[in-house]
Amino acid sequence: MEELLLARLNYWTYIILMMIGLYAMIGKRNLIKKLIGMSIFQSAIILFFVSIGVKRDATIPILKHEIVHAYHEGAHTEKGSAEAKSTSSELGPAPSEPAGRHGNGSLPAIDPQQYENPLPHVLMLTAIVVGVSTLGVALAIVQSIYRECGSLEEDIILRRMELRDD
Amino acid sequence: MIEQFPIFVLMFPLFGAILVTLLGFWKQRLAFPITLIALGGSLFASVETLRATVEAGDIVYYLGGWPRPFGIEFHIDQLNAIVLLVISTSAFLAGVYSKRTAELETPEKTIPFYILYLLMVTALLGITLTGDAFNLYVLVEVSSLTGYALIAMGSRRAAFAAFRYVIMGTIGASFYLLGVGYLYIKTGSLNMIDIREVIHGADLVQSPSIQVAFIFIMIGLWIKMAFFPLHAWLPNAYSFAPIGSACLIAPLVTKVTVYIMIRIMITVFGADYVFGSLPWSEIVSWLAVIAIIAGSIMALAQTDLRRMLGFLIVAEVGYMVGGAWLANQTGLIGSIFHIVSDAFMTLCLFLFAGIVFLHAGVRRIRDMQGLFHTMPVTMFGFTVGALAMIGVPPTCGFFSKWYLINGGIEAGHWGFVIALLVSSLINAILFFRIIEIAYFEPIDAPDHDGHRKTHGHSGTKISEAPMSMLLPLCVAALSLVLIGLFNHEIVVLIKDFLVSAGMPGPPS
Amino acid sequence: MFLPECPGHPVEMDSIQSTIPLLACFVSLAAVVPIVLSSRHPNLREAWTFLAGLVKLSLVMTLVPDVLAGKVIEYTLWEILPGVPIQFRVDGLGLMFALVASFLWILTSLYSIGYMRGLNEHAQTRFFAFFAVALCATLGVAFSANLLTLYLFYEVLSLSTYPLVTHHQDKEARIGGRTYLIYLMGTSILFALPALIYAYIKSGGVMDFSTGGFLADRVGPTEATILLILLVYGFAKGGLMPFHSWLPSAMVAPTPVSALLHAVAVVKVGVFCILRVFTGVFGISFLSGIQLIDIVIWLAALTILIGSLIAWSQDNLKRRLAFSTISQLSYIILGAALLNDRALTGGILHIGTHAFGKITLFFCAGAILVATGKKNVSELDGIGHRMPFTMFAFLMGSLSIIGLPPFGGLWSKWFLILGALDSGRFVIVLVLMASSLLNIAYLLPIVVRAFFKTDSSEETDSGLHEAPLACVIPLMVTAMGSMALFFFPNLLLDLASLLATK
Chain W
1 MEELLLARLN
11 YWTYIILMMI
21 GLYAMIGKRN
31 LIKKLIGMSI
41 FQSAIILFFV
51 SIGVKRDATI
61 PILKHEIVHA
71 YHEGAHTEKG
81 SAEAKSTSSE
91 LGPAPSEPAG
101 RHGNGSLPAI
111 DPQQYENPLP
121 HVLMLTAIVV
131 GVSTLGVALA
141 IVQSIYRECG
151 SLEEDIILRR
161 MELRDD
Chain F
167 MIEQFPIFVL
177 MFPLFGAILV
187 TLLGFWKQRL
197 AFPITLIALG
207 GSLFASVETL
217 RATVEAGDIV
227 YYLGGWPRPF
237 GIEFHIDQLN
247 AIVLLVISTS
257 AFLAGVYSKR
267 TAELETPEKT
277 IPFYILYLLM
287 VTALLGITLT
297 GDAFNLYVLV
307 EVSSLTGYAL
317 IAMGSRRAAF
327 AAFRYVIMGT
337 IGASFYLLGV
347 GYLYIKTGSL
357 NMIDIREVIH
367 GADLVQSPSI
377 QVAFIFIMIG
387 LWIKMAFFPL
397 HAWLPNAYSF
407 APIGSACLIA
417 PLVTKVTVYI
427 MIRIMITVFG
437 ADYVFGSLPW
447 SEIVSWLAVI
457 AIIAGSIMAL
467 AQTDLRRMLG
477 FLIVAEVGYM
487 VGGAWLANQT
497 GLIGSIFHIV
507 SDAFMTLCLF
517 LFAGIVFLHA
527 GVRRIRDMQG
537 LFHTMPVTMF
547 GFTVGALAMI
557 GVPPTCGFFS
567 KWYLINGGIE
577 AGHWGFVIAL
587 LVSSLINAIL
597 FFRIIEIAYF
607 EPIDAPDHDG
617 HRKTHGHSGT
627 KISEAPMSML
637 LPLCVAALSL
647 VLIGLFNHEI
657 VVLIKDFLVS
667 AGMPGPPS
Chain S
675 MFLPECPGHP
685 VEMDSIQSTI
695 PLLACFVSLA
705 AVVPIVLSSR
715 HPNLREAWTF
725 LAGLVKLSLV
735 MTLVPDVLAG
745 KVIEYTLWEI
755 LPGVPIQFRV
765 DGLGLMFALV
775 ASFLWILTSL
785 YSIGYMRGLN
795 EHAQTRFFAF
805 FAVALCATLG
815 VAFSANLLTL
825 YLFYEVLSLS
835 TYPLVTHHQD
845 KEARIGGRTY
855 LIYLMGTSIL
865 FALPALIYAY
875 IKSGGVMDFS
885 TGGFLADRVG
895 PTEATILLIL
905 LVYGFAKGGL
915 MPFHSWLPSA
925 MVAPTPVSAL
935 LHAVAVVKVG
945 VFCILRVFTG
955 VFGISFLSGI
965 QLIDIVIWLA
975 ALTILIGSLI
985 AWSQDNLKRR
995 LAFSTISQLS
1005 YIILGAALLN
1015 DRALTGGILH
1025 IGTHAFGKIT
1035 LFFCAGAILV
1045 ATGKKNVSEL
1055 DGIGHRMPFT
1065 MFAFLMGSLS
1075 IIGLPPFGGL
1085 WSKWFLILGA
1095 LDSGRFVIVL
1105 VLMASSLLNI
1115 AYLLPIVVRA
1125 FFKTDSSEET
1135 DSGLHEAPLA
1145 CVIPLMVTAM
1155 GSMALFFFPN
1165 LLLDLASLLA
1175 TK
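The listed protein sequences derive, respectively, from chains W, F and S. In this text, residue positions in the first sequence follow the numbering used here: the first is 1, and each later residue adds one. In this text, residue positions in the second sequence follow the numbering used here: the first is 167, and each later residue adds one. In this text, residue positions in the third sequence follow the numbering used here: the first is 675, and each later residue adds one.
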């Protein structure tokens, strides 16, 4: 049990954060608190994505100089190495990136375990932008609600809206 | 040239939006013509794309020349070519219509309206074109963000409805993103075709992570498409939105989300995985039954025309989800064909609701008295739309019901069959109630002793909406009949798609 | 000469491709445009209706020789479902129905002019326009080559007649129209549509009417019975009890509508569809092997008797005629359900003979309304002195419905009774006899009242006071027509027996 918790600590973290966010979005009556929940919810997912790109003892995904050099030479002799698509069904429970698609015996080995997987991080840059925009639009909407109804509490807003409708 | 059409579909509205932003603030009246040209260009390009797909098979377009699985790929087969055409046609019609609505509803926000409008169309087209699961997420969010803003422009209650939509929409999108994350962990790819190849090639079929990914993606999409019981945000958002926005959002957003669902089921996970390895077909199709019945019954309880239409969309989403989960080819044909027909039906009815609201000041059903006398052409358009919703031949609604019921019988799913029939009946009641109110004289009219007074010609003046509103309605109504009469052409395409995607027809 | 036997000449299936069925069907639809455009010139507008009617009738007439020669005339539009095109095919049954409907349309148009102008009705353009659409749908049903085309035109007919039924747009019309649509749309969606789709699946994508029936031997007996019942009630325009109430409520319509649509087009479309279901979908020989077919026979027999009894109790003249129609329609269903040639011939013949008889009666009811404003039987005392032509035509129509010589109604009943005897069902013979007696009981007293009673409350002199000539001429013509059918039944009989002997 302990092992399960520890081995997938990142999973548990994001699930707990998600639940907190979800609770705030649905359970709270204050619109700003709902938006805070929404932010937490989105951050949880971003955290999850970032965590799956991380590997133990790996470095930033920039190839070391000598490897780049060798790679260029190799590429001249044997261009367009067809990528043998190796998949990752046996990669174990810990999140790790699948074996490199450029793995090719004749070149100096680029060990994918040495580098963090950049792709999830890049994806999350976009996701953060999306999240920020969502938050922006939502806040603008909340502003206009506040201007209309003079309140940020859901129940009060609903009551005032009905009053004005009749 | 031909091979560039897929990107033109997207580029026209995108650059249109940029142009409106740049030129619109200089001369406000340029905004509408630019929008119309952009939408028209996109419509033309999607017609050409469909033609190219029919003639030469699937089109693969690598953005920036990066091949699969590195770059983003546009993969156009019969399914997205059809959906593209639906989106661009319906956006064009709603665009023509928006000239008047923008003037009347949001006079001081015309420029932002057109910018958002074009961006939303871009996003919807992009969703349809893209073959990349993460790219899809971004585009879904772009379409949602523009949608929130377009809705919030509306009446006083619109902002609050839009807020709820933001919350639900974000939850939905996040679930989708989470699902994509799990898929990426297991397959190392974001390209849809690539993912399927990996899942089936590396025998990940039994993997629980893939199942979790599938569930997350489905839940996310169901929230986005307002599948019962995750529908609560939809009726308010659609009925308080400005007419111009509602005419774009209501016909397209749910339908495009259904398209995503089918795309994910068929292209990403594969039909044999979804229907063969997972035990949920039965459950989901029963959920759809509940959605259909509940949506119809709630629609019956509405007094506001647009709210009623909103609940009908909930029921129609049930049609499409149910059809897709019947796990046979005929059901999927019905579901995909219903994307086409429901888009145009909803468009037709929302255009009608807009005309009667803006032009005759009618929001509630019971205030629609005498509309057949004052607005005969408008009511004619509405009647065609209503008949399509009921499913009267030869409108397209009949044929989508035909395939859906056919699929239900083939699957032995009698609950679904009965739900469709009952829903047709409820639609008949709903729409003939409106027709009755609009057609007959008020029930408390004094004159009732045997002979009738002369009315109609002499009593009331005909006062129709301007052509820019009437014409889109008439074209939408006409297209309902044409799609019905030539449904076989569309169905052949859908069938080709399904066969090549591994959904064979019924054994005969 | 007076007892024509079923001519049993062997027929070869020989099909001709021709656009005439298509044109005949759509000429009245095309006429809608000029009708609407000339709405400000009533005479011109009605001229378009007549032109369309004459063209339609002559187009249908040109088909007669070929069909009598045993050929079928086909025209295919395009495929609308896999394996199922929109297709027209003219055979004896369809042609006979088309002839009757398009001939009576012209007369009804003339009558409508007298009636609508006589009562100064509103929205006459709409009236004539939808009438033309309804006729298009009627011919479409008559010429349909498959079940889907049939259903398509059946639905178009339901909807296009709704504005006609609710023409007055008042409270009564609203309620009547509501019942009309709920029954017709409800049954067609709930019963006919699923049955259609099930049949489509079971037949492997074929819906073409064929002599043997496209469903024959593809479904088991239980399935066949369920499908049959679903289809018989799905085409509720046939008025089989208990789904008959739409017909009396549809009597809120102006009388020309009741006359043509609810004595000829709409109700006959219902029974026509049922005939097609028996002959083209299942096939007579396949149905003979199924015991449960008796259900339909007994339902039809019950409808005949109960309909007549209710008709007897009605005071409103049009409602009385409506219930009479319900009972008479089941003659035709009975003719099909008895599953032998002579009964089928009788049933098909009854489409024509009943049409002429019943349209006469409706015309008379309308003429009385136009001339005197009276709607109820009890008010008709002594009316025969003021409207002798009308009431004499009423007598002729009644005699034809009862089935007495020298009127066409005799032949259909004759063949029906022969058919019932052939199948050894003496109870059915008794039912038919009893129904004839009931017909006498509810129709002839009206004539007696009109001619032999004097109206006590009438102060004015009882001079001649007929309806406009445009009303009287059509009803005289149809009355003579039902007499003519007695002396010259051959054309209808030949057409009717084409199907029966196949």
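For every residue, glycine included, the Cβ atom is placed at its ideal position computed from N, Cα and C. Model, not experiment: these values are computed from the prediction.
In terms of residue numbering, what span does the alpha helix (DSSP H) encompassing residue i cover?
i	result
W/Ile26	Leu9 to Gly27
S/Thr736	Pro716 to Leu742
S/Asp1015	Asp1015 to Thr1046
F/Tyr359	It is Ile, not Tyr, that sits at residue 359 of chain F in the sequence shown. Looking at the DSSP string, the run of the alpha helix (DSSP H) that includes F/Ile359 is Met358 to Gly367.
W/Gln42	Leu31 to Gly53
S/Asp688	S/Asp688 -> not in any alpha helix (DSSP H); beta strand (DSSP E) instead, spanning Asp688 to Gln691.
F/Pro141	The first residue shown for chain F is 167 and the last is 674, placing residue 141 of chain F beyond what the model contains.
S/Asp1096	Gly1083 to Asp1096
W/His121	Pro118 to Cys149
F/Phe300	Ala299 to Ala318
F/Gln377	Pro374 to Met391
S/Thr835	Leu821 to Val839
S/Val1121	Phe1100 to Phe1126
S/Val926	S/Val926 -> no alpha helix (DSSP H), and no H or E assigned at all.
Hey, residue i and residue j are a contact pair by Cβ (cut 8 Å); roughly how many whole angstroms apart?
i	j	result
F/Ala631	F/Thr544	6 Å
S/Pro1148	S/Leu809	Going by Cβ atoms, the distance from S/Pro1148 to S/Leu809 rounds to 16 Å, so no, they are not a contact pair.
S/Tyr1116	S/Ala985	5 Å
W/Ala44	F/Leu343	That pair is no contact at about 11 Å.
F/Ala389	F/Met334	Before going further, note that residue 389 of chain F is Ile rather than Ala in the sequence given. Contact holds; Cβ gap of about 6 Å.
Grab the span of the beta strand (DSSP E) containing residue i for me, first residue to last.
i	result
S/Gln761	Val758 to Val764
S/Val746	Lys745 to Leu755
S/Gln843	No beta strand (DSSP E) contains S/Gln843, which DSSP labels as neither H nor E.
TODO: Taking a Cβ distance cut-off of 7 Å, strictly less, list which residues of the segment 141 to 160 of chain W are near chain F, in chain order.
DONE: Ile141, Val142, Ser144, Ile145, Glu148 and Ile157
Open item on the list: So within the segment 472 to 538 of chain F, which uninterrupted alpha helix (DSSP H) runs reach at least 4 residues, ignoring any that extend past its ends?
Closed with: 495 to 526
Task: At least three beta-carbon pairs within less than 8 Å, the segment 552 to 562 of chain F to the segment 629 to 648 of chain F - done: yes
- [ ] Tell me, please, whether the segment 469 to 485 of chain F touches the segment 703 to 722 of chain S by the rule of three or more beta-carbon pairs shorter than 8 Å.
- [x] no
Task: Any 3 or more C-beta pairs closer than 8 Å across the segment 654 to 674 of chain F and the segment 237 to 249 of chain F - done: yes
Open item on the list: Please list, in chain order, the residues of the segment 120 to 141 of chain W that have any C-beta partner in chain F closer than 8 Å.
Closed with: Pro120, Leu123, Thr126, Ala127, Val130, Ser133, Thr134, Val137, Ala138, Ala140 and Ile141
Task: alpha helix (DSSP H) runs wholly inside the segment 201 to 277 of chain F, at least 4 long, in chain order - done: 244 to 271
TODO: Check whether the segment 359 to 376 of chain F touches the segment 313 to 329 of chain F, taking contact to mean three or more Cβ pairs, one atom from each stretch, closer than 8 Å.
DONE: no
Task: Cβ contact check for the segment 910 to 927 of chain S and the segment 842 to 849 of chain S: 3 or more pairs under 8 Å - done: yes
Task: Contact set between the segment 377 to 408 of chain F and chain W, restricted to residues whose Cβ is under 9 Å from the partner - done: none
Open item on the list: Any C-beta of chain S within less than 7 Å: which residues of the segment 590 to 607 of chain F qualify?
Closed with: Ser590, Leu591, Ala594, Phe598, Glu602, Tyr605, Phe606 and Glu607
Task: Ranges of the alpha helix (DSSP H) found wholly within the segment 971 to 1011 of chain S, counting only runs of at least 4 - done: 991 to 1011
Open item on the list: At a CB distance below 7 Å, what residues from the segment 996 to 1025 of chain S approach chain F? Give them in sequence order.
Closed with: none
Task: Cβ contact (3+ pairs, closer than 8 Å) linking the segment 1037 to 1056 of chain S and the segment 998 to 1013 of chain S - done: no
- [ ] Quick one: which unbroken beta strand (DSSP E) runs of 3-plus residues sit fully inside the segment 405 to 482 of chain F? Chain order, please.
- [x] none
Task: Members of the segment 813 to 831 of chain S that neighbour chain F once the beta carbon cut-off is set at 7 Å - done: Tyr825, Leu826 and Glu829
Open item on the list: Count Cβ pairs between the segment 216 to 230 of chain F and the segment 255 to 273 of chain F that sit closer than 8 Å; are there 3 or more?
Closed with: no
- [ ] Check each residue of the segment 29 to 44 of chain W: if its Cβ is closer than 7 Å to any Cβ of chain F, include it; give the result in chain order.
- [x] Leu31, Lys34, Met38, Phe41 and Gln42
Open item on the list: I want to know whether the segment 884 to 900 of chain S touches the segment 991 to 998 of chain S - three or more CB-CB distances under 8 Å.
Closed with: no
TODO: Count the C-beta pairs between the segment 448 to 464 of chain F and the segment 405 to 425 of chain F that are closer than 8 Å, then say yes if the count reaches three, no if not.
DONE: no
TODO: Count the C-beta pairs between the segment 944 to 961 of chain S and the segment 1013 to 1028 of chain S that are closer than 8 Å, then say yes if the count reaches three, no if not.
DONE: yes
- [ ] Using a Cβ-Cβ cut-off of less than 7 Å, list which residues of the segment 454 to 472 of chain F approach chain S; keep chain order.
- [x] none
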